[in-house]
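Enquirer:
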Amino acid sequence: MLNIKHYSKTYPGGHKAVDDLSLHVLPGEIYGFIGHNGAGKTTTLRAVAGVLDFTQGHIRIAGHDIQAEPVAAKKVTAFLPDNPDLYEFMKGIDFLNFIADLYDIPADQRTRDIGAYADAFELTGNLGSPIGSYSHGMRQKLALISAFIRRPKLLVLDEPFVGLDPAAAYVLKELLAQLCQAGGAVFFSTHVLEVAEKLCHKIAIIKRGRLVKCGPTQQVVGDSDLESVFLELEGERA
Amino acid sequence: MKKFLALLKVSAKAMLLTSSGVGAGKRRRAVSGVGAVVLIAFLGLYLSGMYSFLLVSALAPVGMESLVLVFMGLVALFGGLMFTVFAVREVLFGGKDNDLMLSLPVPASFLVASRMGAIYLESLVFSFFVLLPAGAACFFLSGGRYGWDLWLRLLLAALALPALDTALSVLLGAGLAFLSSKVSKGKALGQNLAMALFLLVVFWLSFNLNSTIENLAAHAAGIKASMTWAAPLLWMADGVLGSWGMLLAFIACCAVPFALVVLVVGKAYRKAVTAFQTRAARSDYKLSAQSAAGQTKALLRKEAKRFFGTPVYFWNAGLGLIFLLILGVAAVAKRGELQAMLPLLGGQWAGAALAGAAMGFCLSMAVVCAPSVSLEGRCLWILRTAPVGEGTLLGVKVGFQLLLTLPCALVATACLSWALALPLWQGGLLLLAMAAFCVASACFGMMMGLTFPKLDAANEALVIKQSMAVTLAMFVPLGALVLAGLAYWLGGLASPEMALVLPAALLVVLAALCWLWLARRGKVLLRRL
């Protein structure tokens, strides 16, 4: 579903944020991406989403190169940045319809999906209000609903659990599992290692732009736990 | 004092600097802010420079040159108000950094003073460059009546006047924001109505000022005597021309209201910020069947919602179009008088050219595209991750400006052509020229928006009113109009027909060039944001 090959990103000024990263996310997989602050997680996710330009390596989503065929690749992807900013002048329902229009989602399908996901996140009653009046958590939920109604093949999430209440976090985990059961794939970054360990089929650990460990969660964790592995790797290569 | 200066620095930086993320070097960021200031200064210098020397040469012989300082003071005051009053709500109360600022261990009055300081600095640039030519005209054209100390007094007056301007602007702006929030529960319609009312008052005052200036030479002494309502400006004029006492009275008259407004607004600041920002989300929405639209329609609808739902955007970019429509309607209403004036203007040819120039002037104020990229701000990720081609995204933004400008240009051209009784071919040529001007302005504005983005502005007013992109998108098309005027003159040397054909052809070529520039570079610049 997602194939990253030898991806590197150097920012103007010479700072190499990501160095020769290769990853493969298969359909039906939830792939966790962890690392310390500034390790290169967001830089990678933004490149996968087609937001960030890069000159080295290739990123393909469902067979489409994100740089050569950006529209086709984005059509099957939903990306949410950490702390997603939304149009405050729109009402919640207007924003969902705006996204649905951009993804050519038919009217009956969007009505059904908006209803289902908004009910799941308990946001239906608030959809008629301007986004400017939403709390941080409500915005996060709206952004997640806008991602799920696209029925993406690949869901790319940057710190999706930040700002969610426990009930919404539970719903999100359920929906991610459902998406994967339906053949989709999830690639997300998180600092909540317990969630990553329980939820992810595979995990990649990135440090200072380089991939230091990746593979099936059980293989990465071994007899220990993810927190210990992560801290050990941090210490080893510091 | 240290805390106040630190806050002032933040406010001024937010106003001046752009930040476009990747690819914007330090030098370009500084140039962006300074460039906008230079262009505001140029506008002040141009307006005042043109009239001050003419008026002083007419008034100095009767010893009434002080009136020029009074009038230019009024221009600076009203100009400053027009520049800043619509932005008060955003700059003073609507900053995105309010939560951070209000949580700092700093008195609210410091914060108010620093934000008013940013408004003061903007007014200062304009008023300084309006008063400077007026003072220079008095100094050079009054036969050596005034010494070099005039310059010092002029400087003090120029520093004081924006303080009064800022105090008035904050009071008016806060009042408008308060009224609009009462009119329709804070909706854009309420704000738009309140601002329309304010503009009517400004126009009424402007028209009265105009008639006063017309009678200036004949009744200078009487006019000065009747201007007791502008007493502070009379003190300023007398102060600059010699009376230190009057100058001190004027400075006090500017500084005291500024300080009072800082204290009063500072006391109620937290309450005001909360009142303007708090909007509770309702929880009674019932989902019904939704309808689908295409990508282009959805993107256009989004642009329209932002334009009509953001009063500072609507009034800044839409004012030129309102003027354009008023121009057309006024021409129809005054058809007889216009036709009688045509021989004085130089005949029908000149009438058509003047109509084109007037319409072009109004259209150049309709800067919709230029701020639209920066207005996406931190929401740009939504468009960047959407399965929409970059060409479509830019095309929609340009198309939205054209949807607003072309119909207005068509109506105004039809009205003016009828009022001036232009032959069909001249009317058609005028329409072609205006359509080309619309296309050129829109494409150029889009390029400016992409070249000088301000994605992390503290509020929308900074993007809409003070960004380099908007300033250039407004003034460069005016330069194109000057070029068209030159083409008119050159064409006139060959034949009257060429006088109209040449500027129209020039505008068509400029439109094609701007369109090509956008088509070739626009996508690359969008990708770099």
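Chains as they are written, first to last, in our numbering: chain Y, 234 to 471; chain U, 343 to 871.
Backbone N, C-alpha and C fix where the C-beta goes; we use that ideal spot for every residue, glycine too.
(1) So for residue 652 of chain U, helix, strand or coil by DSSP?
(2) What are the uninterrupted segments assigned as alpha helix (DSSP H) that are 4 or more residues long and contained completely in the segment 595 to 673 of chain U, given in chain order?
(3) Could you tell me whether any Cβ in chain Y is nearer than 8 Å to the Cβ of residue 349 of chain U?
(4) Give a yes or no on whether the minimum CB-CB distance between residue 318 of chain Y and chain U is below 8 Å.
(5) For residue 867 of chain U, which residues of its own chain have a beta-carbon under 8 Å away from its beta-carbon, when the five flanking residues on both sides are left out?
(6) What first and last residue would you give for the alpha helix (DSSP H) that runs through residue 449 of chain Y?
(7) If the cut is a Cβ gap below 7 Å, which residues of chain U does residue 420 of chain Y touch?
(8) Contact criterion: CB-CB distance below 8 Å. Does residue 270 of chain Y meet it with respect to chain U?
(9) Using Cβ-Cβ distances below 7 Å, what residues of the segment 723 to 745 of chain U are close to chain Y?
(10) Nearest CA to the CA of residue 343 of chain Y: which residue from Y/352, Y/351, Y/333?
(11) In the segment 699 to 725 of chain U, which residues sit with their C-beta less than 8 Å from some C-beta in chain Y, listed in chain order?
(12) To the nearest angstrom, how far is it from the Cα of residue 484 of chain U to the Cα of residue 411 of chain U?
(13) Going along chain U, which residues have a C-beta under 9 Å from residue 340 of chain Y?
(14) On the criterion of 16 or more Cβ atoms from any shown chain inside 10 Å, does residue 851 of chain U qualify as buried, or is it exposed?
(15) For residue 289 of chain Y, write down the residues that DSSP places opposite it in a beta bridge.
(16) Between which two residues does the alpha helix (DSSP H) carrying residue 251 of chain Y extend?
(17) Is residue 651 of chain U close to chain Y? Criterion is C-beta to C-beta, closer than 8 Å.
(18) CA-CA distance, residue 757 of chain U and residue 684 of chain U?
(19) Count Cβ pairs between the segment 432 to 439 of chain Y and the segment 282 to 294 of chain Y that sit closer than 8 Å; are there 3 or more?
(20) For a test of the three-state rule: what should DSSP assign to residue 391 of chain U, helix, strand or coil?
(21) Comparing alpha-carbon positions, which option in U/812, U/844, U/860, U/477 lies nearest residue 716 of chain U?
(22) Checking 8 Å against the spacing of the C-beta atoms, do residue 421 of chain Y and residue 246 of chain Y come in under that value?
(23) So, does the segment 740 to 757 of chain U touch the segment 768 to 781 of chain U, judging by three or more C-beta pairs under 8 Å?
(24) From the DSSP secondary-structure annotation, give me the bridge partner or partners of residue 236 of chain Y.
(25) How many angstroms separate the CA atom of residue 479 of chain U from the CA atom of residue 398 of chain U?
(26) Nearest to residue 435 of chain Y by CA position, among Y/244, Y/260, Y/239, is which residue?
(27) In chain U, which residues lie less than 8 Å from residue 331 of chain Y when you measure between Cβ atoms?
(28) In terms of DSSP beta bridges, what is residue 437 of chain Y paired with?
(29) Between the Cα of residue 319 of chain Y and those of U/644, U/701, U/609, U/418, spot the shortest distance and give me the residue it belongs to.
(30) Between the segment 344 to 371 of chain Y and chain U, which residues of the former have CB atoms less than 8 Å from a CB of the latter, in chain order?
(31) Quick check: the Cα distance between residue 360 of chain U and residue 810 of chain U, rounded to an integer number of angstroms?
(32) Specify, as a first and last residue, the run of the alpha helix (DSSP H) that residue 344 of chain Y falls within.
(33) Which word fits residue 270 of chain Y, buried or exposed, when buried means at least 16 other C-beta atoms lie within 10 angstroms of its C-beta?
(34) How should residue 482 of chain U be labelled, buried or exposed, when 16 other C-beta atoms within 10 angstroms of its C-beta is the threshold for buried?
(35) Tell me whether residue 417 of chain Y is buried or exposed, calling it buried when 16 or more other Cβ atoms sit within 10 Å of its Cβ.
(36) Thinking C-alpha only, which one of Y/310, Y/279, Y/277 is nearest residue 730 of chain U?
Expert: By the coordinates alone:
(1) As a working mapping, residue 652 of chain U is identified with position 310 in the second sequence. DSSP places residue 652 of chain U in coil when its eight states are reduced to three.
(2) 611 to 619, 637 to 651
(3) Numbered from its first residue, the second sequence carries residue 349 of chain U at position 7. Judged by the 8 Å Cβ criterion, residue 349 of chain U is not in contact with chain Y.
(4) Here residue 318 of chain Y refers to the residue found at position 85 of the first sequence. Taking Cβ atoms only, chain U reaches closer than 8 Å to residue 318 of chain Y, which makes this a yes.
(5) For the purposes of this step, residue 867 of chain U is taken as the residue at position 525 of the second sequence. So the list reads 789, 792, 793, once near-sequence residues are dropped.
(6) Numbered from 1 along the first sequence, position 216 holds the residue referred to as residue 449 of chain Y. That residue, residue 449 of chain Y, is in no alpha helix (DSSP H); its beta strand (DSSP E) goes 443 to 449.
(7) Position 187 of the first sequence, counted from the start, is the residue given in the question as residue 420 of chain Y. None at all; the shortest Cβ gap to chain U is about 14 Å.
(8) Along the first sequence, read from residue 1 onward, the residue named residue 270 of chain Y stands at position 37. No - not a single Cβ of chain U is within 8 Å of the one on residue 270 of chain Y.
(9) 723, 726, 727, 728, 729, 730, 731
(10) Counted from its first residue, the first sequence places residue 343 of chain Y at position 110. Looking at the Cα atoms, Y/333 is the closest of the given residues.
(11) 719, 720, 721, 723, 724
(12) The residue given as residue 484 of chain U occupies position 142 in the second sequence. The residue given as residue 411 of chain U occupies position 69 in the second sequence. Going by the C-alpha atoms only, they are around 13 Å apart.
(13) Taking the first sequence and counting its residues from 1, one reaches residue 340 of chain Y at position 107. In chain order: 631, 632, 633, 634.
(14) The sequence position of residue 851 of chain U within the second sequence is 509, counting from 1. By the 10 Å Cβ count, residue 851 of chain U comes out exposed.
(15) Residue 289 of chain Y sits at position 56 when you count from the first residue of the first sequence. Looking at the DSSP assignment, residue 289 of chain Y forms a beta bridge with Y/241.
(16) Position 18 of the first sequence, counted from the start, is the residue given in the question as residue 251 of chain Y. Element bounds for residue 251 of chain Y: not the alpha helix (DSSP H) but the beta strand (DSSP E), 249 to 258.
(17) Working through the second sequence from its first residue, we reach residue 651 of chain U at position 309. It does; some Cβ of chain Y falls within 8 Å.
(18) In the second sequence, residue 757 of chain U corresponds to position 415, counting from 1. In the second sequence, residue 684 of chain U corresponds to position 342, counting from 1. So the alpha carbons of these two residues sit roughly 16 Å apart.
(19) no
(20) Residue 391 of chain U sits at position 49 when you count from the first residue of the second sequence. In the structure shown, residue 391 of chain U sits in a helix (DSSP, three-state: H, G or I).
(21) Translated into positions along the second sequence, residue 716 of chain U becomes position 374. Minimum Cα distance to residue 716 of chain U is reached at U/812.
(22) Counted from its first residue, the first sequence places residue 421 of chain Y at position 188. Counted from its first residue, the first sequence places residue 246 of chain Y at position 13. Cβ distance not < 8 Å, so residue 421 of chain Y and residue 246 of chain Y don't count as in contact.
(23) yes
(24) Start at 1 with the first residue of the first sequence, and residue 236 of chain Y comes out as number 3. In DSSP, residue 236 of chain Y forms a bridge with Y/257, Y/293.
(25) Within the second sequence, numbered from 1, the residue matching residue 479 of chain U stands at position 137. Within the second sequence, numbered from 1, the residue matching residue 398 of chain U stands at position 56. Going by the C-alpha atoms only, they are around 6 Å apart.
(26) Here residue 435 of chain Y refers to the residue found at position 202 when the first sequence is read from its first residue. Ranking the options by Cα distance to residue 435 of chain Y, first place goes to Y/260.
(27) As a working note, residue 331 of chain Y is residue 98 in the first sequence. Going along chain U in sequence order, the residues near residue 331 of chain Y (Cβ under 8 Å) are 640, 643, 644.
(28) Here residue 437 of chain Y is taken as the residue at index 204 of the first sequence, counted from 1. Answer is Y/266, Y/447.
(29) By 1-based counting over the first sequence, the position of residue 319 of chain Y is 86. The shortest Cα separation from residue 319 of chain Y among U/644, U/701, U/609, U/418 belongs to U/644.
(30) 344, 347, 348, 351, 357, 358, 359, 360, 361, 362, 363, 365, 366, 367, 368, 371
(31) Residue 360 of chain U sits at position 18 when you count from the first residue of the second sequence. Residue 810 of chain U sits at position 468 when you count from the first residue of the second sequence. Legend: pLDDT at residue 360 of chain U = 44, less than 50; position of this residue unreliable, value from coordinates given subsequently. Taking the straight line from one Cα to the other gives about 8 Å.
(32) Counted from its first residue, the first sequence places residue 344 of chain Y at position 111. Residue 344 of chain Y -> alpha helix (DSSP H) spans 340 to 353.
(33) Position 37 of the first sequence, counted from the start, is the residue given in the question as residue 270 of chain Y. With fewer than 16 Cβ atoms within 10 Å of its Cβ, residue 270 of chain Y is classed as exposed.
(34) As a first step, residue 482 of chain U is located in the second sequence; it is residue number 140 there, counting from the start. With fewer than 16 other Cβ atoms within 10 Å, it is exposed.
(35) Sequence index remark: in the first sequence, residue 417 of chain Y carries index 184 (1-based). It is buried - the Cβ of residue 417 of chain Y has at least 16 other Cβ atoms within 10 Å.
(36) Indexing the second sequence from 1 puts residue 730 of chain U at position 388. Looking at the Cα atoms, Y/310 is the closest of the given residues.
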